[in-house]
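Protein chains: 2
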Amino acid sequence: MLAGVRAGRPRAVGRLISLVEDGSDALPAIMAALAPDTGRAFVLGVTGPPGAGKSTTVTALVRALRERGERVGVLAVDPTSPFTGGALLGDRVRMQEHALDDEVLIRSMATRGHLGGLAVAAPQALRVFDAAGCATVVVETVGVGQSEVDVAAAADATVVLLAPGMGDGVQAAKAGILEIGDVFVVNKADRDGAQPLVRELRSMVALSERPPEAWKPPVLTTVASEGTGVPELLDALDRFRAHQAASGDQARRRLGRARREVEGLALAALRDRLRRQGSAALDALAGAVSDGSTDPYAAAAELLRRLPPGPTTTA
Amino acid sequence: MLAGVRAGRPRAVGRLISLVEDGSDALPAIMAALAPDTGRAFVLGVTGPPGAGKSTTVTALVRALRERGERVGVLAVDPTSPFTGGALLGDRVRMQEHALDDEVLIRSMATRGHLGGLAVAAPQALRVFDAAGCATVVVETVGVGQSEVDVAAAADATVVLLAPGMGDGVQAAKAGILEIGDVFVVNKADRDGAQPLVRELRSMVALSERPPEAWKPPVLTTVASEGTGVPELLDALDRFRAHQAASGDQARRRLGRARREVEGLALAALRDRLRRQGSAALDALAGAVSDGSTDPYAAAAELLRRLPPGPTTTA
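The listed protein sequences derive, respectively, from chains Z and X.
Using full-length UniProt numbering, the first residue of the first sequence is number 1, and each one after it goes up by one.
Using full-length UniProt numbering, the first residue of the second sequence is number 1, and each one after it goes up by one.
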């Protein structure tokens, strides 16, 4: 399987990402073996509210990257909600354009499930695409939950995609959007309300305080369904990438990403230890909290006191 | 402040919940002092997708509970997303109906922020309302992120609110909705498409497997803006509550809630210890992961090895 992953074979990549999702015990050994093959991919986050046209934009971006001859990975993070679960899966069908191209590796990942959730699994899936020789890995997330936003924000570059008709949302969401976007795109730019949205975003960027040498996020327009504006988006991303490399910001961002990744795995291992070794103690303490004879903070402290230091198992 | 909380004074309750949001060091002592005053409130989760009419429904429910003479708490959990942050805050204004009633304690809580996030802060906020003598605490969440859904699912009873016009979403979301709803409500029942949605939900409930003595979630209709159907909703919740008390399910659910609460606080304390004591080690290990000289699993294991067992500090 490792040889298959290194060669970028879709089936091997898919199998390894399934192991990542399941939190397999084999992962530490596998990731150790793949470590020398990683660190080369450029991770591009694409996020935005439902309806902004993320999947269409990602499809168009992948098409443009394929024209450069790159191998491309796509990690589509499905929303966690029982209410929105269906919509994105429907959109995924549009990616069929690339379904027969072996140089495009596509994977959906749900945020529910194994220990540590998305925060642990997504970075490992990115490593797999990286080791598989993808020059660019696009992470598509629906911006409806914090965990998805966190994933996007951990990318080398984050494109925040908006569309006209979001109403007052942008104004209210100012701070959050400014924090994560390296490039802003107003998609569906042929619709009413696109220009006011562009102006609003530009003034938001202009008003935000940043050092003079810092990157100033551009606000672009696209009609992704027709491919309009996509070359300009790629150009902006190339400029951003060059800026980040020259300024050292890319290295700093990657260091931060590695820090969160290691911390997330360590915490998942601690949680695992707590669940395996502290289960009976937890039951008793929960009973005491439930009948009011103790409070949850005292119970948590007691649980930690009873937890044996134990061998370090990574989840 | 503790006396003020016990007396249900809004300002004292608000101040203590602020301490909860900030993750104050004083919380363990405060929660220990309040523990004997807790365990009495009935926690009612209300969740559903944006646009289902949650705030209107909660306002109507609060009005009906106030007519019974109950003190009522409302914890409105704001979505985590930078994209949807604004919409809910707008809705909150409608709660103004109860703003001058000192027997209605209302608090919004964002999911971003302190260590452990919503999973740690929300249960403590519920404890504060409980100690303040609220007979019912309504937790309103937008069903767009897993953490919000988790909070709703941890309630004594969960109302899943839907409205016509959601399209294929319900069908796709079947499993997730069935899992968390004790009572289903189709709001805006005077609109087109309400009856088909009711039928769809009823057949979903009928088809789901459950033991014969288990609670069978009813599917009700409301027009919350006019108060229509709200007495019937309260009746259904009373029946559910009686069923849960008689079957022992309420006690089991509360035990599970206490278990998650204690585990969450213990994990937050471990994370805190990791951050305080392992910061320098983490920097070095993140650097090694970043340049590919080690992998994140090995780095996490090493980080845990270096972590001194240390005194148990609860966050």
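Here a beta-carbon is modelled for each residue, glycine too, at the ideal position from N, C-alpha and C.
Every value quoted in this text rests on a predicted model; they were computed, and no experiment measured them.
- With respect to Z:V43, Z:L126 sits close: the two C-beta atoms are nearer than 8 Å.
- In the structure shown, Z:E103 falls within a coil segment according to DSSP collapsed to helix, strand and coil.
- By the C-beta density criterion, Z:G48 is buried, having at least 16 other C-beta atoms within 10 angstroms.
- Against chain Z, the beta carbon of X:M1 has no neighbour under 8 Å; the closest one sits roughly 16 Å away.
- The C-beta of Z:G45 comes no closer than 8 Å to any C-beta of chain X.
- The alpha-carbon of Z:T158 is positioned some 34 Å away from that of X:A266.
- Take X:L197, set aside five residues on each side of it, and the residues of its chain with a beta-carbon closer than 6 Å to its own are P164 and V186, in chain order.
- With a threshold of 8 Å between beta carbons, X:D182 makes no contact with chain Z.
- Excluding its 5 nearest sequence neighbours in each direction, Z:P211 has no C-beta neighbour in its own chain below 8 Å.
- Within its own chain, the residues whose Cβ lies closer than 7 Å to the Cβ of Z:P217, once the five positions on either side in sequence are excluded, are G181, D182, V183, F184 and V205, listed in chain order.
- Assigned with DSSP and collapsed to three states, X:T59 falls in helix.
- Put simply, the CB of X:P164 is far from chain Z, with every gap to its CB atoms at 8 Å or more.
- For the region 244-256 of chain X, the beta-carbon criterion of a distance under 7 Å to any beta-carbon of chain Z is satisfied by R254 and L255.
- According to DSSP, Z:F184 shares a beta bridge with Z:V160 and Z:V219.
- Not a single CB atom of chain Z sits nearer than 8 Å to the CB of X:G227.
- For X:M1, the secondary structure class from DSSP, reduced to helix, strand or coil, is coil.
- Burial of Z:Q244 is indicated by the presence of at least 16 other C-beta atoms within 10 angstroms of its C-beta.
- Out of Z:A288, Z:K54 and Z:E21, the CA that lies nearest to the CA of Z:G227 is found in Z:K54.
- For X:G227, the three-state secondary structure derived from DSSP is coil.
- Around the beta-carbon of X:P296, 16 or more other beta-carbon atoms lie within 10 Å, marking it buried.
- For chain X, the residues of the region 292-311 of chain Z that bring a beta carbon within less than 9 Å of one of its beta carbons are G292, S293, T294, D295, P296, Y297, A298, A299, A300, A301, E302, L303, L304, R305, L307 and P309, in chain order.
- Taking a 10 Å sphere around the C-beta of X:G133, we find 16 or more other C-beta atoms and assign the residue as buried.
- Closer than 8 Å to the CB of X:M31 there is at least one CB belonging to chain Z.
- Within chain Z, the residues whose beta carbon sits less than 9 Å from that of X:E261 are A286, V289, P296, A299 and A300, listed in sequence order.
- If you look at Z:E140, you'll find it in the beta strand (DSSP E) that goes T136 to V142.
- Residue contact with chain X for Z:L16: absent (no Cβ-Cβ distance below 8 Å to any residue of chain X).
- In this structure, Z:A300 places its C-beta atom within 8 Å of the C-beta atom of X:V262.
- In terms of Cα proximity to Z:P231, the closest of Z:E21, Z:I30 and Z:A64 is Z:A64.
- When 9 Å is used as the limit between beta carbons, Z:T222 is near no residue of chain X, the shortest such separation being about 18 Å.
- The three-state secondary structure of Z:G264, taken from DSSP, is helix.
- Around the beta-carbon of X:L220, 16 or more other beta-carbon atoms lie within 10 Å, marking it buried.
- X:A119 is classed as buried because its beta carbon has at least 16 other beta carbons within 10 Å across all chains shown.
- For Z:A236, the secondary structure class from DSSP, reduced to helix, strand or coil, is helix.
- For Z:P217, no CB of chain X lies under 8 Å from its own CB, so it is not counted at the interface with that chain.
- Interface annotation, X:G51: not in contact with chain Z, CB-CB separation never under 8 Å.
- For the pair Z:A298 and X:P28, the CB atoms are nearer than the 8 Å cut-off.
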